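Visitor: I am attaching a structure below and will ask some questions about it afterwards.
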Amino acid sequence: MVADMDGGKRKRSICSRQEPLAALKILKDGNNKRDEIPDRVTLKKEIGLLSACTIIIGNIIGSGIFISPKGVLEHSGSVGLALIVWILGGCIAALGSLCYAELGVTIPKSGGDYSYVTEIFGGLVGFLLLWSAVLIMYPTTLAVIALTFSNYVLQPVFPDCVPPYMATRLLSTVCLLFLTWVNCSSVRMATRIQDVFTVGKLAALGLIIVVGLVQICKGNYEGLTPQVAFEFSTTPSVGQIALAFLQASFAFSGWNFLNYVTEEVVEPRRNLPRAIYISIPLVTFVYTLTNIAYFSAMSPEELLSSNAVAVTFGEKLLGMFSVIMPISVALSTFGGINGYLFTSSRLCFSGAREGHLPSLLAMIHFKNCTPIPALLCCCTATIVILCIGETHNLINYVSFINYLSYGVTIAGLLYYRWKKPKLYRPIKVNLLVPITYLMFWVLLLGFSLYSEPVVCGVGLVIMLTGVPVYFLGVHWKAKPKCIYDFIESATYVAQRLCFVVFPQFDPIEISPIEEWPDKSSDTLSRKS
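Here the UniProt record's numbering is used: position 35 in the sequence shown is 35, and no number is missing along the way.
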């Protein structure tokens, strides 16, 4: 079905979804290289278990652990409560990831939350999630990570002051453009970068943890003793604790990102849940030890006054080797930018394939098999966000919208269980798992709305602005012919410039299993 957003029957675009090879011949005519045309243009399954784990770990460990400790401590009011927030934040992420593991193998489509909600609740709800994600959630997260990267890179150059505004923005933009080029060039190159930099960021956090443990072994743990750790500078309200959880949730965001690239995972029914089970506990363990290390070296006042927590930690304990810390953090955030670009572009790709975004975003390069238009869209949106927001305000907007989308998706799991009880589910979590997550979700969002009505209200308004866009762009079929002609012309030009075509899909690979008719049967009935 042709994407509704750019609607109708294409007269001038290079190809339709049914004629990708004919389009390839048109694209290659001018270069006389028809012998290089592949027999099949499709997304490549190049993500094994190791790369799947590094995608999850690499997306979670971006800038959050180097930014959020300040916000969590500020809202929780004490070291002890801050550590409890970090541990519970990992537990909640683990509950959510279990639910996503079930959804990922039951509805094996790329696109994550968006694909599941669209399948379960229909087009409008799915579009609202897609709209908020493409408009604010993922560009903002990418912008925050990129700014963290540039701040840590420039910190040694400007040791006594905050790096200049223009310098941080320019360096962030250069980094984004470079990694967009990498992701446009090769899926394998992008995943290799993710593997290498995930190991690097774990090594950076490992250095912090080891140095912190040495401090504890030397007896420098007064701030971690119960009587000191639970001394509240100010008694936090329930709303403030909810905001502390929102700050921690930013550091854990990304645990669901492997679900965005399900169709590129080797044996997804096996490797998707395995990667989740390995990655989430590991990240929670590392985050908790990292915060213990911070508090073994810095007082709460020092941590709250620091603009770069890891750099302050290194300056106090590493002496002449303190330059290692900003370099390590920069490498960590560099890998985080790569991971977010890789996965968020697949969300645009999935949205276009469902007809909720212009069909150009559902096209891939005829040879590299990478979604170049979707990658360019994500890069452009992030550069715009870079110029208009402050980091901590952006984190609050993103965390609220993130949690909102998680809750809607996991509520969809319960509804899908009721709607299709006979659907075969390779993984079926206990009902207490989604119910516990949703109870926490309701409490967190309720108190967040009470404490920060403006921040949360802006998040809701951003999401609801997608309603008229949906009805005008997707639901309304009888658009004027001039609109269709313009979009067709733009798509034609963009295809020529980017050498992209619609991929061929194996319907068995992307359709959910409809039913398991007989336990003794080897034949699965699939939804066509």
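Glycine included, every Cβ here is placed at the ideal spot set by N, Cα and C.
For clarity, every value in this text was computed on a predicted model and none was experimentally measured.
Could you check which residue in Phe-252, Arg-417, Thr-343, Ala-52 has the C-alpha nearest to that of Ser-110?
Guide: Out of Phe-252, Arg-417, Thr-343, Ala-52, Thr-343 has the C-alpha closest to the C-alpha of Ser-110.
Visitor: Going by alpha carbons, who is nearest to Leu-147 out of Ile-337, Glu-102, Pro-273?
Guide: Nearest C-alpha to Leu-147: Ile-337.
Visitor: Answer with buried or exposed for Asn-32, where buried requires no fewer than 16 other C-beta atoms within 10 angstroms of its C-beta.
Guide: Because the pLDDT of Asn-32 is 47, which lies under 50, any placement of that residue in the model is unreliable, and the question is left without a value.
Visitor: So the alpha helix (DSSP H) Glu-302 belongs to, where does it begin and stop?
Guide: Counting along the chain, the alpha helix (DSSP H) containing Glu-302 begins and ends at 300-305.
Visitor: Apart from the five residues on each side of it in sequence, which residues of its chain come closer than 6 Å, Cβ to Cβ, to Ser-253?
Guide: So the qualifying residues of the chain are Asn-402.
Visitor: Can you tell me whether Gly-473 is buried or exposed? The criterion is at least 16 other CB atoms within 10 Å of its CB, across all chains shown.
Guide: Buried, since its Cβ has 16 or more Cβ neighbours within 10 Å.
Visitor: Give the DSSP-derived three-state secondary structure of Ile-388 in the structure shown.
Guide: Residue state, collapsed to three classes: coil.
Visitor: At 4 residues or longer, what runs of the alpha helix (DSSP H) sit wholly inside the stretch 178-251?
Guide: DSSP runs (the alpha helix (DSSP H)) wholly in the stretch 178-251: 187-217, 226-229.
Visitor: Could you tell me if Asp-113 is buried or exposed, where buried requires 16 or more neighbouring beta carbons within 10 angstroms of its beta carbon?
Guide: Label assigned to Asp-113: buried.
Visitor: Is it the case that the Cβ atoms of Gly-58 and Asn-271 are separated by a distance below 8 Å?
Guide: No, the Cβ-Cβ distance between Gly-58 and Asn-271 is not below 8 Å.
Visitor: Would the beta-carbon of Trp-255 fall within 8 Å of that of Ile-61?
Guide: Contact: no.
Visitor: Is it buried or exposed, Leu-202, if we count other Cβ atoms within 10 angstroms and call 16 or more buried?
Guide: Looking at its Cβ environment, which holds 16 or more other Cβ atoms inside 10 Å, Leu-202 is buried.
Visitor: To the nearest whole angstrom, what separates the beta carbons of Leu-95 and Tyr-437, a pair I think is in contact under 8 Å?
Guide: 4 Å between Cβ atoms; contact.
Visitor: Helix, strand or coil for His-365? Go by DSSP, reduced to three states.
Guide: Residue state, collapsed to three classes: strand.
Visitor: So, do the stretch 67-86 and the stretch 287-297 have three or more beta carbon pairs nearer to each other than 8 Å?
Guide: The stretch 67-86, when compared against the stretch 287-297, does touch it at the 8 Å Cβ threshold.
Visitor: Judging by CA-CA distance, which residue of Cys-369, Pro-159, Ile-209, Asn-430 is the nearest neighbour of Arg-188?
Guide: Among Cys-369, Pro-159, Ile-209, Asn-430, the Cα nearest to that of Arg-188 belongs to Cys-369.
Visitor: On the CB-based measure, 16 or more other CB atoms within 10 Å of its CB, does Thr-262 come out buried or exposed?
Guide: Thr-262 comes out buried.
Visitor: Excluding the five sequence neighbours on either side, which residues of its own chain have a C-beta within less than 7 Å of the C-beta of Phe-121, listed in chain order?
Guide: Gly-412.
Visitor: Does the separation of the CB atoms of Ser-399 and Phe-250 fall below 8 Å?
Guide: In contact: Ser-399 and Phe-250 (Cβ atoms closer than 8 Å).
Visitor: From Ile-193 to Gly-335, what distance separates their C-alpha atoms?
Guide: Answer to the nearest angstrom: the Cα atoms are 7 Å apart.
Visitor: Quick check on Pro-468: buried or exposed, where buried means 16 or more other Cβ atoms within 10 Å of its Cβ?
Guide: The residue is exposed, with fewer than 16 neighbouring Cβ atoms inside 10 Å.
Visitor: Would you list the one or two residues that DSSP bridges to Val-501?
Guide: BP columns for Val-501 point to Ile-364.
Visitor: Using a threshold of 8 Å, state whether the C-beta atoms of Phe-285 and Gly-89 are closer than that.
Guide: For Phe-285 and Gly-89, no; Cβs fall outside 8 Å.
Visitor: Would you report the Cα separation of Phe-366 and Cys-498, rounded to the nearest angstrom?
Guide: The straight-line gap from Cα to Cα measures roughly 9 Å.
Visitor: Count the CB pairs spanning the stretch 129-137 and the stretch 147-162 that are closer than 8 Å, and state whether there are at least three.
Guide: No, because fewer than three Cβ pairs between the stretch 129-137 and the stretch 147-162 fall closer than 8 Å, the two stretches do not touch.
Visitor: Contact check, Cys-99 vs Leu-375 under 8 Å by CB: the rounded distance?
Guide: About 29 Å separates the two Cβ atoms, so there is no contact after all.
Visitor: Here's a check: name, in chain order, each residue in its chain whose Cβ is nearer than 8 Å to the Cβ of Ser-51, leaving out the five neighbours to either side.
Guide: Around Ser-51: Thr-191, Gln-194, Asp-195.
Visitor: Just the C-alpha distance for Leu-289 and Leu-205, rounded to the nearest angstrom, thanks.
Guide: About 9 Å.
Visitor: Using the C-alpha atoms, what's the distance from Ser-150 back to Cys-161?
Guide: Their Cα atoms are separated by approximately 14 Å.
Visitor: Measure the Cβ-Cβ separation of Tyr-260 and Leu-347 and say whether it is below 8 Å.
Guide: Yes, the pair counts as a contact, with Cβ atoms nearer than the cut-off.
Visitor: Is DSSP giving Ile-57 helix, strand or coil here?
Guide: Here Ile-57 sits in helix by DSSP.
Visitor: Between Thr-168 and Cys-379, how many whole angstroms is the CB-CB distance? I'm expecting something under 8 Å.
Guide: About 17 Å separates the two Cβ atoms, so there is no contact after all.
Visitor: Helix, strand or coil for Ile-47? Go by DSSP, reduced to three states.
Guide: Strand, per DSSP.
Visitor: Would Leu-360 and Thr-491 be called neighbours here (beta carbons separated by less than 8 Å)?
Guide: The answer is yes: Cβ separation under 8 Å.
Visitor: Let's test the definition: count the other Cβ atoms within 10 Å of the Cβ of Arg-353 and tell me whether it reaches 16, buried, or not, exposed.
Guide: Answer is buried; the Cβ neighbour count reaches 16.
Visitor: Does DSSP put Val-265 in a helix, in a strand, or in coil?
Guide: Of the three classes helix, strand and coil, the one that applies to Val-265 here is strand, per DSSP.
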